[in-house]
Structure formats: structure tokens, C-alpha cells
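Accompanying notes for the structure given below.
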Amino acid sequence: MTTFNYITCITDQRVGIITLNRPEKRNALSFDLIAELKVAFEKYEMDPGVNIIILKANGAAFCAGADITDLQRLQSYSFEQNVADSNHLKELFLIIYTLKKVVVAQVQGHALAGGCGLATVCDFVFTVPEARFGYPEVKIGFIPAIVMIFLLRKIGEAEARRLLLSGDSINAEQAFQMGLVHEIVSSEKLEKHVMDFATRLIHTNSSHAMMITKQMITKLHSMSLQESLSIAADMNARARESDDFKRGINAFLKKEKIEW
33 MTTFNYITCI TDQRVGIITL NRPEKRNALS FDLIAELKVA FEKYEMDPGV
83 NIIILKANGA AFCAGADITD LQRLQSYSFE QNVADSNHLK ELFLIIYTLK
133 KVVVAQVQGH ALAGGCGLAT VCDFVFTVPE ARFGYPEVKI GFIPAIVMIF
183 LLRKIGEAEA RRLLLSGDSI NAEQAFQMGL VHEIVSSEKL EKHVMDFATR
233 LIHTNSSHAM MITKQMITKL HSMSLQESLS IAADMNARAR ESDDFKRGIN
283 AFLKKEKIEW
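Numbering (our numbering), first residue to last: 33 to 292.
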């Protein structure tokens, strides 16, 4: 069993729950915390007893971005060392974004800079009315380079320009209007609401079908129309050969409720 210092991991009803656990540091993204998250996500991806993953946090903030101590240390790094450190965060975001399983972010407080990036790469984001989101990097002479790639895909160029170039934070309702957040829930109901959502997906949706759909969404952005359609036709045919499809169609034809 893997031992973690900065996160916790539990499994409940086929839901893998990863919790950022540095409340005293506002769950800032240190090198070691990022490393633990990479291990946890890859562990749950391979776990047949987990269908959905929830990413949440302890404390008042979801994640305040990069750890100040790490930022101070980076000033003495060589270019090569800074590239390696940047790749470390890039790998985490890519793991979450391309994970075979659906990832749901439970954002109970502010998500800023890299913390907002962490929410951005998740498939669903649930938050509370008082949470704020933003990328303030330009205010300190930095750039949100890595998350920019994912943000453009998620909310489009116009809204991404507004967030990234202004550096201003936005409230939960504005984040919802942009498409960064999927639902706003009161703080006292958030925990149960997110768990109910995750378990509903598990019981009503084929995990195999969700996996293929997520993989296609990830790939199609970089393809031409013709390439996209060719891939879609191929994946459509492959899905028809799956056990989940055969089971689902059989239940549909018999007008039976299916329990996945």
C-alpha cells in the first residue's frame, strides 16, 4: 500500500477519492505533492474496483497554485532544471486529462493559478458559491503556459484570453457561465452531491463507453475533419463489438433497466 504525505486516498462504492491534504499551505502544489498525485491517479486508473475518481481538498482553499517555497527555489535553477520541473506539472495535467476514467473535481474553496489548472483538466467541476477561480500569473511576471493548452480546449479563445491576460479572479457564477464549472452547490451539500453524481454515473453508464468517449474527445481536437470521421467510424465499429454494448442493447430491446 502506497504511503502518502500530502494527499489521502480512499475507495468508496467504486469511487476513488483523492484528497489534497496540505490545508496549512492552502494545498499549494509542491514538487512532492505533484509526484504523489501522479502516483495516485495512475494507481486508480489501473484499479478494476474503481470506476470514477473524485479530486477534492481539505481546508478553506481547494488549491492556491504553486508552493511559494518552490517558486523561491526555482530562481536559482538552470534552464534545464526549470524545464524538468515544468515537465513534472505538465505530466500531472496530462495524466488527469487523458485518464481512462472520469475525474470529478470537488472544489470547496478558491482554485487559483495551478490550482485552477488542476480543476480545468478534470472532466467535471462542482464548486460552491463563494469559491473564486483565476490565473494571476501575469501579475507576477509569470505565464500560465501549460494549463493554457487545456483551457483553450475547454472554454475557447475569447474566454481564455479574458482570464489569462487580465489575471483577474472570477466568482463561481462567472466560472459557470464560461464553462469552467459545471454546477454550483451549497457548501453543506457539496460532498453528498458530488458523491451522488459519481455513483449515478457508475450505475447508469457503461465504464467502457465512457472511457472510449473520453479518449475520442481528447484525440479529435488535433485532427482534420476527414481524420476525425475515420477515427469515429472505426471507434464506432469497435464499440459495437464490446460486451458492454451487447449487454446494453439486449437490455434496451427487452425494456429492462440495466445496472452497470
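Don't be surprised by glycine CBs; every beta carbon is placed ideally from N, CA and C.
Computed from a predicted model, the values in this text were never measured in an experiment.
- Only residues of its own chain outside the window of five on either side were considered, and among them Asp276, Gly280, Trp292 have a CB closer than 7 Å to the CB of Ser238, listed in chain order.
- Taken through DSSP and simplified to helix, strand or coil, Asn203 comes out as strand.
- Going by beta carbons, Val139 and Ala163 fall inside the 8 Å limit.
- Within the same chain, Phe125, Tyr129, Gly149, Thr152, Val153 come within 8 Å of Phe182 by CB-CB distance, once the 5 residues on both sides are set aside.
- The closest CA to that of Leu233, considering only Ala265, Asn37, Tyr76, Ile85, is found on Ile85.
- Measuring C-alpha to C-alpha distances from Thr236 to each of Ala72, Asn83, Lys224 identifies Asn83 as the nearest.
- Phe165 is a Cβ neighbour of Ser201, given a cutoff of 8 Å.
- Straight through space, the alpha carbons of Glu273 and Leu195 are spaced by roughly 43 Å.
- In this chain, the alpha helix (DSSP H) harbouring Gly147 covers 146 to 152.
- The Cβ-Cβ distance between Ile187 and Leu222 does not fall below 8 Å.
- Beta-bridge partners assigned by DSSP to Gly280: none are found.
- Closest in C-alpha terms to Ile244, from the list Gln206, Arg193, His253, Lys132, comes Lys132.
- Within the same chain, Gly199 come within 6 Å of Lys171 by CB-CB distance, once the 5 residues on both sides are set aside.
- Within the region 182 to 250, the runs of alpha helix (DSSP H) that reach at least 4 residues and sit entirely inside it are, in chain order, 189 to 198, 204 to 210, 219 to 236.
- Using a Cβ distance threshold of 8 Å, Leu61 and Gly147 count as a contacting pair.
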